[in-house]
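S.K.:
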Amino acid sequence: MWRLLAEALAVAAKDLRTEFRTRVALNSLGLFAVTVLAAVSYTVGPYRIATEDRPFLLAVLMWIVIFFAALAGLDRSFVKEEESHTAPLLRLAASPLAVWLGKLLFNLLLIYLLLAILVPLFCILMGYHVLMVGQFVLILALGGYALAVTTTIVAAIIARALTRGALFSVLSLPLLLPLLIFLIQGTAATADGSLEVIQSTVRAVVSMGGIMTIVSVALFPAVWSD
Amino acid sequence: MRGSVILKWLLLVWLAGVILAAFFYVHPAEGFKGESSRIVFFHVPMAWIAVLAFLISCIASVMYLRRRDPKDDIRASVSAGLGLLFAVLATVTGSVFAKIMWGAYWNWDPRQTSITILLLIYAAYLALRGAVADPERRAALAAVYAILAFVTVPFLVFVVPRIYWSLHPDTIINTRGTNEFDSRYTQVLMASLAGFTGLYIWLYTLGCRIEAIRHRRRQEVL
Numbered sequence: 002m003w004r005l006l007a008e009a010l011a012v013a014a015k016d017l018r019t020e021f022r023t024r025v026a027l028n029s030l031g032l033f034a035v036t037v038l039a040a041v042s043y044t045v046g047p048y049r050i051a052t053e054d055r056p057f058l059l060a061v062l063m064w065i066v067i068f069f070a071a072l073a074g075l076d077r078s079f080v081k082e083e084e085s086h087t088a089p090l091l092r093l094a095a096s097p098l099a100v101w102l103g104k105l106l107f108n109l110l111l112i113y114l115l116l117a118i119l120v121p122l123f124c125i126l127m128g129y130h131v132l133m134v135g136q137f138v139l140i141l142a143l144g145g146y147a148l149a150v151t152t153t154i155v156a157a158i159i160a161r162a163l164t165r166g167a168l169f170s171v172l173s174l175p176l177l178l179p180l181l182i183f184l185i186q187g188t189a190a191t192a193d194g195s196l197e198v199i200q201s202t203v204r205a206v207v208s209m210g211g212i213m214t215i216v217s218v219a220l221f222p223a224v225w226s227d
Numbered sequence: 288m289r290g291s292v293i294l295k296w297l298l299l300v301w302l303a304g305v306i307l308a309a310f311f312y313v314h315p316a317e318g319f320k321g322e323s324s325r326i327v328f329f330h331v332p333m334a335w336i337a338v339l340a341f342l343i344s345c346i347a348s349v350m351y352l353r354r355r356d357p358k359d360d361i362r363a364s365v366s367a368g369l370g371l372l373f374a375v376l377a378t379v380t381g382s383v384f385a386k387i388m389w390g391a392y393w394n395w396d397p398r399q400t401s402i403t404i405l406l407l408i409y410a411a412y413l414a415l416r417g418a419v420a421d422p423e424r425r426a427a428l429a430a431v432y433a434i435l436a437f438v439t440v441p442f443l444v445f446v447v448p449r450i451y452w453s454l455h456p457d458t459i460i461n462t463r464g465t466n467e468f469d470s471r472y473t474q475v476l477m478a479s480l481a482g483f484t485g486l487y488i489w490l491y492t493l494g495c496r497i498e499a500i501r502h503r504r505r506q507e508v509l
């Protein structure tokens, strides 16, 4: 157990170190998010949307920016191993479960970094007024986890295919759409303050993240090793 | 061989009977506009087969990961192809019904959203199969994706319509546990479900045989 955790942390630390050498994932995630946010803020702005539509429509915009930014960068974790031909060595050095956990930790860190920068910026630029800040942060944290765990296993799949970039979005989006629906409804509810919707959203997102975690743990070895 | 020919004709006669019964044996149901309720006999079996094909594909995928038998991969891919076909048919029949009852072919009702995502999943699965050259790797990756997709489908089919408001009539597993249709309806619907399931089985075995021959031919060439 401790050995597994140590191995996973080593994999995550290695990924962070190589990431800071090139910053490919960070740049693609961050620049995509900031560019789209600038475009949205310029064209829609804080006052274009009627007050009664604001909680819902701003939640839609926010999650679309987050999801597409995630799809722009989160496949790097596995694709870079195949592109630089370091995957065989990693297969020898660490157990499959540790590799999966390490990559998940790395992706989780990227997502939370993205959320920490993007969401406050979005709220300021778009004038998004959230009533229940605690629940809002909870939904962001749970949603970020479910997003990271789903994209990690899909990234592992597409890293072994021929056309990687386009395939990542094509394979991820159908799996992520129910999550996107839940998160939009839940976030809108934190802005207009309906507790019931928040509760059912939290239940749905937690079960989705949990199931994806279990399935990933069970299936990852089949993807990782031939 | 003769037995399968008899079965095939039996299936075709049965399906013809279902079509006749759907239009002449049953009276239009109350609460539905005009004759629109008759589409239920075709729409529900299509949706059922779309889900059944998905289930079979997922079971075959699990079997593949356990045994690594190429036949299981063939089963999974054939079933996914048929599932895509029936999901398209379910969408088309559903939107015809939506146009008559609700006034628009498409209005992003949670049910329509979930069938769209099912279509996307099937398409993504087939796209993934097209993108991997090595047959064994393709089979393993496709199997993993099919299982991943399979665990998200219950959220679409059961959770999303439960949490958020839907226009769709209650499904077979309805919340109140009652059946609003009269007995003739139930008879024809069950007959239609059985008939279309038979049609699926027939198409599925044909597809598997064709793919098995292709597989053997490829190996002979190599």
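So the sequences go chain by chain: A and B. Read in order, the letters of the first sequence correspond to residues 2 to 227 in this note's numbering. Read in order, the letters of the second sequence correspond to residues 288 to 509 in this note's numbering. Note that beta-carbon positions come from the ideal geometry of N, C-alpha and C, so glycine has one too.
1) Could you pull the start and end residues of the alpha helix (DSSP H) that residue 487/B belongs to?
2) Would you kindly work out how many angstroms separate the C-alpha atoms of residue 459/B and residue 151/A, rounded to a whole number?
3) For residue 322/B, which of helix, strand or coil comes out of DSSP?
4) Which same chain residues, not among the five before or five after residue 391/B, have their C-beta less than 8 Å away from its C-beta?
5) Let me see if you follow: with CB-CB separation under 8 Å, is residue 338/B close to chain A or not?
6) Please say whether residue 192/A and residue 132/A have beta carbons closer to each other than 8 Å?
7) Step through the CB atoms of chain E and report whether any lies within less than 8 Å of the CB of residue 44/A.
8) Between which two residues does the alpha helix (DSSP H) holding residue 330/B run?
9) On the premise that residue 38/A lies in contact with residue 61/A, defined as a C-beta separation below 8 Å, what is that separation, rounded to the nearest angstrom?
10) Give the single residue among 337/B, 323/B, 471/B, 509/B whose Cα lies nearest to the Cα of residue 387/B.
11) On the CB-based measure, 16 or more other CB atoms within 10 Å of its CB, does residue 364/B come out buried or exposed?
12) For residue 254/B, go through chain A and note every residue whose CB falls closer than 8 Å to its CB, in chain order.
13) For residue 470/B, is the classification buried or exposed, using 16 other Cβ atoms within 10 angstroms of its Cβ as the cut-off for buried?
14) Taking C-beta to C-beta, are residue 158/A and residue 217/A nearer than 8 Å?
15) What does a CB cutoff of less than 8 Å around residue 76/A pick up in its chain, not counting 5 residues either side in sequence?
16) Going along chain B, which residues have a C-beta under 9 Å from residue 168/A?
17) Flag residue 378/B as yes if its beta-carbon sits less than 8 Å from any beta-carbon of chain A, otherwise no.
18) Buried or exposed, going by whether 16 or more other CB atoms sit within 10 Å of the CB of residue 28/A?
19) Which word fits residue 5/A, buried or exposed, when buried means at least 16 other C-beta atoms lie within 10 angstroms of its C-beta?
20) Taking one C-beta from the stretch 394-406 of chain B and one from the stretch 375-385 of chain B each time, how about it: are there three or more such pairs within less than 8 Å?
21) Which value, in whole angstroms, describes the spacing of the CA atoms of residue 113/A and residue 412/B?
22) Note down, in chain order, all residues in the stretch 429-446 of chain B with a beta-carbon under 8 Å from any beta-carbon belonging to chain A.
23) Going by beta carbon distance, what residues of the same chain come within less than 8 Å of residue 367/B, once the five residues before and after it are set aside?
24) Which residues in the same chain have their Cβ closer than 8 Å to the Cβ of residue 475/B, if we skip the five residues on either side of it in sequence?
25) Is it the case that the CB of residue 483/B approaches a heavy atom of the ligand ATP more closely than 7 Å?
26) In this structure, how does DSSP classify residue 133/A when only helix, strand and coil are distinguished?
27) Of all Cβ atoms in chain B, is any one closer than 8 Å to the Cβ of residue 207/A?
28) Could you give the distance in angstroms between the alpha-carbon of residue 140/A and the alpha-carbon of residue 407/B?
29) Under DSSP, the alpha helix (DSSP H) around residue 17/A begins and ends at which residues?
30) So is residue 48/A buried or exposed if we call it buried at 16+ other beta carbons inside 10 Å?
31) Using beta carbons (cut-off 8 Å, strictly below), is residue 427/B in contact with chain A?
32) In chain B, what lies closer than 8 Å to residue 161/A by C-beta?
33) Which residues in chain A sit within 8 Å of residue 404/B, going by Cβ to Cβ distance?
34) What does the Cβ neighbour count give for residue 518/B, buried or exposed, with the cut at 16 atoms within 10 Å?
35) Which residue wins for smallest C-alpha separation from residue 435/B, given the options 326/B, 302/B, 315/B, 348/B?
M.R.: For this structure:
1) On the second sequence, residue 487/B is found 200 positions in, with the first residue counted as 1. Start and end: 470-508.
2) Locating residue 459/B in the second sequence gives position 172, counting from the first residue. Locating residue 151/A in the first sequence gives position 150, counting from the first residue. Here the model assigns residue 459/B a pLDDT of 43, short of 50, so the residue's position is not dependable, and the following value carries that caveat. Their backbone Cα atoms lie some 30 Å apart in a straight line.
3) Sequence index remark: in the second sequence, residue 322/B carries index 35 (1-based). If DSSP states are grouped into helix, strand and coil, residue 322/B belongs with coil.
4) Counting from one through the second sequence, the residue named residue 391/B turns up at place 104. Around residue 391/B: 385.
5) Numbered from its first residue, the second sequence carries residue 338/B at position 51. No, because no Cβ of chain A sits closer than 8 Å to the Cβ of residue 338/B.
6) Along the first sequence, read from residue 1 onward, the residue named residue 132/A stands at position 131. Along the first sequence, read from residue 1 onward, the residue named residue 192/A stands at position 191. In this structure, residue 192/A lies closer than 8 Å to residue 132/A by Cβ.
7) The structure shown contains no chain E; its protein chains are A and B.
8) Locating residue 330/B in the second sequence gives position 43, counting from the first residue. Looking at the DSSP string, the run of the alpha helix (DSSP H) that includes residue 330/B is 327-354.
9) Here the question's residue 61/A lines up with position 60 in the first sequence. Here the question's residue 38/A lines up with position 37 in the first sequence. Not confirmed; about 14 Å, so no contact.
10) If you number the second sequence from 1, residue 387/B lands on position 100. Of the listed residues, the one whose Cα sits closest to residue 387/B is 323/B.
11) In the second sequence, residue 364/B corresponds to position 77, counting from 1. Buried, because 16 or more other Cβ atoms sit within 10 Å of the Cβ of residue 364/B.
12) This structure does not reach residue 254/B, given that chain B is present from 288 up to 509, and the question cannot be answered.
13) Position 183 of the second sequence, counting from 1, holds the residue named residue 470/B. It is exposed - the Cβ of residue 470/B has fewer than 16 other Cβ atoms within 10 Å.
14) Counting from 1 along the first sequence, the entry for residue 158/A is found at position 157. Counting from 1 along the first sequence, the entry for residue 217/A is found at position 216. For residue 158/A and residue 217/A, no; Cβs fall outside 8 Å.
15) Counted from its first residue, the first sequence places residue 76/A at position 75. Same-chain partners within the cutoff: 152, 155, 156, 159, 160, 165, 166, 169.
16) Locating residue 168/A in the first sequence gives position 167, where the first residue counts as 1. Going along chain B in sequence order, the residues near residue 168/A (Cβ under 9 Å) are 411, 414, 415, 418.
17) In the second sequence, the residue the question calls residue 378/B occupies position 91. It does not: the Cβ of residue 378/B has no partner Cβ on chain A nearer than 8 Å.
18) Numbered from its first residue, the first sequence carries residue 28/A at position 27. It is exposed - the Cβ of residue 28/A has fewer than 16 other Cβ atoms within 10 Å.
19) If you number the first sequence from 1, residue 5/A lands on position 4. With fewer than 16 other Cβ atoms within 10 Å, it is exposed.
20) yes
21) On the first sequence, residue 113/A is found 112 positions in, with the first residue counted as 1. On the second sequence, residue 412/B is found 125 positions in, with the first residue counted as 1. Cα-Cα distance, rounded: 29 Å.
22) 430, 431, 432, 434, 435, 436, 438, 439, 442, 443, 446
23) Translated into positions along the second sequence, residue 367/B becomes position 80. Counting only Cβ-Cβ distances below 8 Å, and skipping sequence neighbours, we find 340, 341, 344, 409, 412, 413, 433.
24) Taking the second sequence and counting its residues from 1, one reaches residue 475/B at position 188. Cβ neighbours of residue 475/B beyond the five flanking positions: 305, 308, 309, 312, 313, 328.
25) Ligands in the displayed structure: none, and consequently the ligand ATP is not present.
26) The residue you call residue 133/A lines up with position 132 of the first sequence. In the structure shown, residue 133/A sits in coil (DSSP, three-state: anything other than H, G, I, E or B).
27) Mapped onto the first sequence, residue 207/A falls at position 206. Chain B contact via Cβ: absent.
28) On the first sequence, position 139 is the one that residue 140/A refers to. On the second sequence, position 120 is the one that residue 407/B refers to. Spanning the two alpha carbons is a distance of roughly 26 Å.
29) One-based indexing of the first sequence puts residue 17/A at position 16. Run containing residue 17/A: 3-23, per the alpha helix (DSSP H) assignment.
30) The residue given as residue 48/A occupies position 47 in the first sequence. The residue is exposed, with fewer than 16 neighbouring Cβ atoms inside 10 Å.
31) The residue you call residue 427/B lines up with position 140 of the second sequence. Chain A, which has a Cβ nearer than 8 Å to the Cβ of residue 427/B, makes this yes.
32) Here the question's residue 161/A lines up with position 160 in the first sequence. Simply 419, 424, 428.
33) Taking the second sequence and counting its residues from 1, the one referred to as residue 404/B is at position 117. In chain order: 175, 178, 179.
34) Past the boundaries of the shown model lies residue 518/B; chain B is included only from 288 to 509, so the question cannot be answered.
35) Numbered from 1 along the second sequence, position 148 holds the residue referred to as residue 435/B. Per the Cα distances, 348/B.
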